[in-house]
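Participant: I am attaching a structure below and will ask some questions about it afterwards.
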Amino acid sequence: MDRVIDVPERRVDGGLQFVWDDDFEIELTVRSMEVVIKANRAGLTSLARHLLTLAQQGVHEGSHIHLTADQEIKSEIDLILERVEKD
281 MDRVIDVPER RVDGGLQFVW DDDFEIELTV RSMEVVIKAN RAGLTSLARH LLTLAQQGVH
341 EGSHIHLTAD QEIKSEIDLI LERVEKD
């Protein structure tokens with residue numbers, strides 16, 4: 281079964297909208313040489329939507345979403361997803 285993920289369009293003023301699925305759960309752990317992200321279906325879909333939002337045409341380099349420890353994600357550290365442009 282295909283799953284369609286609706287991604288909010290970039291607004292003319294340049295603002296980005298990040299939408300969360302209901303009941304999302306995301307856990308981030310950092311071990312010596314690896315980062316592990318565990319999430320339920322809603323959490324994975326939300327992360328996918330956030331990445332697709334940042335990947336949209338016209339989104340400026342440096343645009344990002346900051347996922348705060350023990351707020352959006354279960355973790356001792358924050359997670360930042362940021363857009364960069366490399367030629």
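Offset between the sequence shown (1-based) and our numbering: plus 280. Where is the CB? At the ideal position from N, CA and C, for every residue including glycine.
Can you round the beta-carbon distance between Leu-361 and Leu-334 to whole angstroms, since I take them to be within the 8 Å contact cut?
Facilitator: Confirmed, Cβ separation roughly 6 Å.
Participant: At which residues does the alpha helix (DSSP H) containing Ala-335 begin and terminate?
Facilitator: Unbroken alpha helix (DSSP H) run through Ala-335: 321-335.
Participant: Considering just the uninterrupted stretch of the beta strand (DSSP E) at Glu-307, what are its terminal residues?
Facilitator: Run containing Glu-307: 306-311, per the beta strand (DSSP E) assignment.
Participant: So, with DSSP's three-state summary, where would you put Ile-357?
Facilitator: Coil.
Participant: Which residue comes first and which comes last in the beta strand (DSSP E) that contains His-346?
Facilitator: Note, His-346: beta strand (DSSP E), 344-347.
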